[in-house]
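Chemist: Chains as they are written, first to last, in this note's numbering: chain Y, 7 to 335; chain W, 45 to 378. Let me begin by handing over the structure; questions about it come next.
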């Protein structure tokens, strides 16, 4: 049922693809309806395949809500498509190769979230090192009264931080940790010019020289399970891993083993290989902090995302330069 | 003198090595006793005696010139009176609220504290607590552990750090370390101190109430004195506002805890990150039920490195004293 006002028919059409499981944070329907005529298969009783085929001729732009997968199959139903607007920090769920082949532009949402994700990553790191959540639990359970002092946490200032992926988020993390007196090194696909941090060409090399790894890179075929047994061994028994990137960056089974066996110092995780499933062995560990993929969850990021998404779409429909087109290599 | 087998220093004190009185062992001493072994002094351990303290002091501490104290063994006028030769009080903490500074000043007794060694760690913890409360990190951890993901839907939004105005209460070495970190997050730093600091590029507020009016969060980094006791009261908290956050890594008694609990329970402030409490280890039970507070068992600022640096500084001050050299970290009257 089309619940939009009559005038909406003169708005440019925007295909909205969203999985029902995507968090509401990523779909700001009324804000979008103020500018675009939304075509949403989930609002129709028609099967998605025929809905897409029927509307295909008029679909120049599509909004990918959150981590909704956009496969080459879906893309093949949309021959007129010129633009895919991503609304999450990562876009490993979009078939970028197919987009490149078809000359479809993809816009990213990363810059809307960078600061909030970086803040969250630093928060996770301090929490793990200083056992803040564990200490909080200790107090709430009455143990401070009955069992006495809680053990000391680990120092942050002066630690060697290895940033995996020095994109927008990684750079913001680096900037913050410098203020804490940490030294920063990084690994990335390519060395970044004019960056004051030490570069390592492999994550193994980085891990050897780091006390903590902060994972800020996108998930691709190359980065899948990048943090494996070898890297964790190189990081060492006191090493800490913070992941605000994608669960798939880490060999999760190995990570759990390392943590359970005390072969690694701790972990702060916001993402997992098979969300929302979280390995239960981690629940009771004092040196692990778990978050439900919430590193972007602030009203400010929500507003910034809306502005970026709508801004990109309006620019597209007015033939103006896009705000955040991805470089599809 | 006939040759004797070497004796443990503590068993047979030699006349040349002066005593340092310790009434109760500071946590540092318990953890790192071997760091306190020196050729320049030996410890006079009052707690190992069966005598009541007063009697012990009268019997053995008459010529003691230095005392190593902590929160558990305060230096009161009464104690000072029992130590007629006292010239130096050394505390292993940054805080000095357990020492009667006025009395020491009156009698020309020098005081040293573990200034500076905890500053980075305390600042790291203060910022960590602020991020935790604003971005609900410990609460998120509870959410996941209680298997609420994704059953009860989206996790609630936190609040961005960037752009927040953070009022630092006390811009000493800890407060300035906090300020430096907050700037990297894009926060605006404001502060209140006894007097403005000429080096500080941040707006100065002469009282904490006015600071609270202009702040989104307060981070308490000052010492506990007669003036600062219960300085953060209901008025200040109401001025801070319903979204306001308080972080305390200093001393519990700087905040009127009863009033803070009421403000939190009634939603008059937005949340709190607390490492210290008025009556540790007792924490008001209302706080244990709240999701918007982060509670730490007076541990957040301590690290093994910080403790060891504090030990080194205590020993260095004592050795300097007995060698008639300048003290490393004497308290200076501001």
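Yeah, the Cβ is synthetic: ideal placement off N, Cα and C, and Gly gets one too.
Along the segment 347-373 of chain W, what residues have a CB closer than 9 Å to any CB found in chain Y?
Modeler: Under the 9 Å Cβ criterion, the segment 347-373 of chain W contributes 347, 348, 349, 350 and 351.
Chemist: Which value, in whole angstroms, describes the spacing of the CA atoms of residue 77/W and residue 170/Y?
Modeler: Taking the straight line joining both Cα atoms gives about 41 Å.
Chemist: Less than 8 Å between CB atoms is the rule here; does residue 7/Y satisfy it with respect to chain W?
Modeler: Note on residue 7/Y: pLDDT 49, under 50, position unreliable in the model; the coordinate value appears next. Answer no: the Cβ-Cβ gap between residue 7/Y and chain W never drops below 8 Å.
Chemist: In whole angstroms, what is the alpha-carbon distance linking residue 124/W and residue 369/W?
Modeler: Between residue 124/W and residue 369/W, the C-alpha separation is close to 23 Å.
Chemist: Taking only the alpha-carbon atoms, compute the straight-line gap between residue 194/Y and residue 349/W and give it to the nearest angstrom.
Modeler: Approximately 32 Å between the Cα atoms of the pair.
Chemist: Grab me the residues of residue 208/Y's own chain with a C-beta within less than 8 Å of its C-beta, minus the 5 sequence neighbours each way, in chain order.
Modeler: Same-chain partners within the cutoff: 193.
Chemist: What is the rounded straight-line gap between the Cα of residue 60/Y and the Cα of residue 121/Y?
Modeler: About 41 Å.
Chemist: Closer than 7 Å to a non-hydrogen atom of the ligand COA - does that hold for the CB of residue 172/Y?
Modeler: The ligand content of the structure shown is nil, which means the ligand COA is not present either.
Chemist: Classify residue 190/W as buried or exposed, calling it buried when 16 or more other Cβ atoms lie within 10 Å of its own Cβ.
Modeler: Result: exposed.
Chemist: For the beta strand (DSSP E) that contains residue 284/W, what are its first and last residues?
Modeler: Careful: residue 284/W lies outside any beta strand (DSSP E), inside the alpha helix (DSSP H) at 278-284.
Chemist: Restricting to runs no shorter than 3 residues, where is the beta strand (DSSP E) found entirely within the segment 189-262 of chain Y?
Modeler: Whole beta strand (DSSP E) segments, 3+ residues: 189-193, 204-206, 218-221 and 246-249.
Chemist: What residues from the segment 270-302 of chain W come within 7 Å of chain Y, judged by C-beta to C-beta, listed N to C?
Modeler: So the list is empty, because no residue satisfies the distance condition.
Chemist: At a Cβ threshold of 8 Å, is residue 316/Y touching chain W?
Modeler: With 8 Å as the cut-off, residue 316/Y does not count as an interface residue toward chain W.
Chemist: Going by DSSP, what residue range makes up the alpha helix (DSSP H) through residue 305/Y?
Modeler: Where residue 305/Y is concerned, the enclosing alpha helix (DSSP H) stretches over 305-323.
Chemist: For a contact meaning CB atoms closer than 7 Å, what does residue 323/Y contact in chain W?
Modeler: Correct list: empty, because the minimum Cβ distance to chain W is about 30 Å.
Chemist: Quick one: does residue 193/W have its CB under 8 Å from some CB of chain Y?
Modeler: Interface residue, yes.
Chemist: When the distance is taken between beta carbons, is residue 156/W closer than 8 Å to residue 375/W?
Modeler: In this structure, residue 156/W lies closer than 8 Å to residue 375/W by Cβ.
Chemist: Which residues, in chain order, does the segment 222-235 of chain W contribute to contact with chain Y at a C-beta distance below 9 Å?
Modeler: Taking 9 Å as the Cβ-Cβ cut-off against chain Y, the residues of the segment 222-235 of chain W that qualify are 224, 225, 226, 227, 228, 229 and 230.
Chemist: With DSSP as the reference, please indicate the residues paired to residue 374/W in a beta bridge.
Modeler: Paired residue(s): 156/W.
Chemist: Does the distance from the C-beta atom of residue 168/W to that of residue 132/Y stay below 8 Å?
Modeler: Result yes, Cβ atoms of residue 168/W and residue 132/Y sit closer than 8 Å.
Chemist: Residue 303/Y and residue 199/W: beta carbons closer than 8 Å?
Modeler: Result yes, Cβ atoms of residue 303/Y and residue 199/W sit closer than 8 Å.
Chemist: Please report whether the beta-carbon of residue 159/W lies at a distance below 8 Å from any beta-carbon of chain Y.
Modeler: Taking Cβ atoms only, chain Y never reaches closer than 8 Å to residue 159/W, which makes this a no.
Chemist: Which of the residues in the segment 194-218 of chain W, read from start to end, lie with their CB under 7 Å from any CB of chain Y?
Modeler: Flagged, chain order: 194, 198, 199, 201, 202, 203, 204, 205 and 206.
Chemist: In whole angstroms, what is the alpha-carbon distance linking residue 97/Y and residue 105/Y?
Modeler: So the alpha carbons of these two residues sit roughly 12 Å apart.
Chemist: Enumerated in chain order, which unbroken segments of the beta strand (DSSP E) with a length of 3 residues or greater are wholly contained in the segment 219-292 of chain W?
Modeler: If we require 3 residues or more, the beta strand (DSSP E) runs fully inside the segment 219-292 of chain W come out as 232-236, 261-264 and 289-292.
Chemist: If you draw a straight line from the alpha carbon of residue 140/W to that of residue 293/Y, how long is it in whole angstroms?
Modeler: Approximately 33 Å, taken between the alpha carbons.
Chemist: State the Cα-Cα distance for the pair residue 210/Y and residue 289/Y, rounded to the nearest angstrom.
Modeler: Rounded to the nearest angstrom, the two C-alpha atoms are 28 Å apart.
Chemist: At least one CB of chain Y closer than 8 Å to the CB of residue 314/W: is that the case?
Modeler: Chain Y, which has no Cβ nearer than 8 Å to the Cβ of residue 314/W, makes this no.
Chemist: Could you work out which residue in 179/W, 288/W, 112/W and 320/W is closest to residue 18/W when comparing CA atoms only?
Modeler: Not covered by the structure: residue 18/W. The range shown for chain W is 45 to 378.
Chemist: Contact criterion: CB-CB distance below 8 Å. Does residue 264/W meet it with respect to chain Y?
Modeler: By this cut-off, residue 264/W is not an interface position.
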